[in-house]
Amino acid sequence: MSDVAPVIDAFGLTHVGAVRPKNEDQFVIAGVRKQVDVKATSVEALGSSEKLRGPEAHLFVVADGVGGHAGGERASGFAVQALAEYLGTAAGCFQRFDTDAEHDFLEALEQAVHRAHEALVRESAGRQGGPATTLTMVTLVWPRAYLVHVGDTRAYVLHGGRLRQLTRDQTMAEFLVDAGGLTEEQAKTSRTKDMLISALGGSSMAPNVGLIDLEPGDTLMLCSDGLTKHVDDREIHRLLALPAGAESRCRQLVDASLAGGGSDNITVVVAQMGAP
Amino acid sequence: MIQKKVCMVGVFGTGKTSLVQRFIHSRFSEKYHSTVGVKIDRKAMTVAGQEVNLVLWDLAGRDEHQDISGSYLRGAHAAFFVVDGTRRETLTQLPDLRRIVREHAGDVPAVVALNKADLVDQWALTHDDEALLRADGVHVLRTSAKAGENVEAAFTHLGWAVLAAREGSA
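As you go down the protein sequences, you meet chains X and U in turn.
Residue numbers for the first sequence follow the working numbering, so the first one is 114 and each next one is one higher.
Residue numbers for the second sequence follow the working numbering, so the first one is 52 and each next one is one higher.
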């Protein structure tokens, strides 16, 4: 595994879809880095020293304001903003991690999600159906990608020709499949497939946390359920495996979802790990 | 609070995730989901009057496509090895998995769970297998994530062991 960070080609796209009147999805792609910014110096070498720059962290987030809730767009925007701002304040911590520091970092990410959730709950002031949102957030400190996930937005990784889903939907249908109450086939058409059992601002919020070490050549993809309602994993795999840049892959995925009906807002973030 | 990293290690499909789910959430799913990368959960427990927070790193199981990644094992304070008692080959890979853990995490406290003990008719291990492991100084338990058998006991043992190791090194 290479410790040298590769060039990352990342692109994000969001589309209202073909049916909904407004777009309640949000995304962000950001880089965060601690660095000494030399304004003037007599030491020539300082002007170009890479040692003045800490390792860069990359943030990828997709959030889907929950349909049917008032202010879904505001909820997803609020969550994305809160987490991006948190990472801005935590910019100093993206160093090589020891175990304790890594656990502290993960805990802090989770707490940031909890804080955003509590703020949304306060905003709804106990009203049923207040603003809520799903969230899939990847913080990449090469080569390690830290994942925090709530709801049914998803993250995938394409590695060595295999597409793997990193997240599991937090929906009632998935819960019932686990409990043996539905088969997977039944779950695909069940009314419970869109019923979230965990959402920021919702009545329950339980983030899943994980991590994966990436390698040059891997592709990371985050998306809202507006993509996966119309484009199955096989087609996602085919499109992500095509020789193209991140922008082209994003556009092809969104187009595929629109061609399938575009019944929901569609958001896709693709990040390709290039050569070191 | 004392925080300790525990790595769940084994061949794919041995029930690592199910044991964690049983321990953390007291639930069991019949549906198999393979883990990708590492899933992380936490559980605070009191051992010998001390609060300890076990941070459980549920590692993707070894299969023909992937081995256990040493980078995930670094810094582990304990290892929870899981063997599927109905698949003998998951036991035969245990020595190699223990070697990998030693290589990347050192000689950390460990427990071996012979899991799926509820599947009595399909059990593929012998008393001699267990005796050999015990003779090797390994703490062995028959567990069932489905029935909840010995799950708490296995994690509690690790909690004790990591605290004892900490006191021993202090």
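Idealized CB from N, CA, C, for every residue including glycine.
At a cut-off of 8 angstroms between beta carbons, residue 262 of chain X makes no contact with chain U.
With 16 or more other CB atoms across the displayed protein chains lying within 10 angstroms of its CB, residue 72 of chain U is buried. For residue 144 of chain U, none of the residues of chain X pass the 8 angstroms Cβ criterion, the least Cβ distance being about 21 angstroms. Residue 237 of chain X is not a Cβ neighbour of residue 283 of chain X, given a cutoff of 8 angstroms. Closest in alpha carbon position to residue 102 of chain U, among U:67, U:54, U:63, U:111, is U:54.
For residue 199 of chain U, no chain X residue has a Cβ inside 8 angstroms of its Cβ, as the nearest lies near 16 angstroms away.
Against chain X, the beta carbon of residue 89 of chain U has neighbours under 8 angstroms at 323, 324, 325, listed in chain order.
When only Cα atoms are considered, residue 256 of chain X and residue 121 of chain X end up about 11 angstroms apart.
Scanning chain X for C-beta atoms nearer than 7 angstroms to the C-beta of residue 81 of chain U yields 293, reported in chain order.
Residue contact check for residue 157 of chain U against chain X: no CB pair falls below 8 angstroms. A Cβ-Cβ contact shorter than 8 angstroms links residue 131 of chain U with residue 164 of chain U.
In this structure, the CA atom of residue 278 of chain X is about 8 angstroms from the CA atom of residue 87 of chain U.
Less than 8 angstroms separates the beta-carbon of residue 325 of chain X from that of residue 258 of chain X.
Residues of the segment 216-237 of chain X with a C-beta atom less than 7 angstroms from some C-beta of chain U are 216, 219, listed in chain order.
If only complete runs of 4 or more residues are kept, the segment 71-140 of chain U shows the alpha helix (DSSP H) at 121-124, in order along the chain. Its chain contains 124, 334, 359, 362, 363 as the residues whose beta carbon lies nearer than 6 angstroms to that of residue 383 of chain X, once the 5 sequence neighbours on both sides are disregarded; these appear in chain order. Taken in chain order, the unbroken stretches of alpha helix (DSSP H) that lie wholly in the segment 315-356 of chain X and span 4 residues or more are 338-341, 346-354. Not one beta carbon of chain U lies nearer than 8 angstroms to the beta carbon of residue 382 of chain X. Residue pairing for residue 384 of chain X: DSSP places it in a beta bridge opposite X:123, X:333.
Rounded to the nearest whole angstrom, the C-alpha separation of residue 111 of chain U and residue 380 of chain X is 28 angstroms.
Residue environment for residue 270 of chain X: buried (at least 16 other C-beta atoms within 10 angstroms of its C-beta). The segment 289-317 of chain X contains, as complete alpha helix (DSSP H) runs of 4+ residues, the segments 297-302 (chain order).
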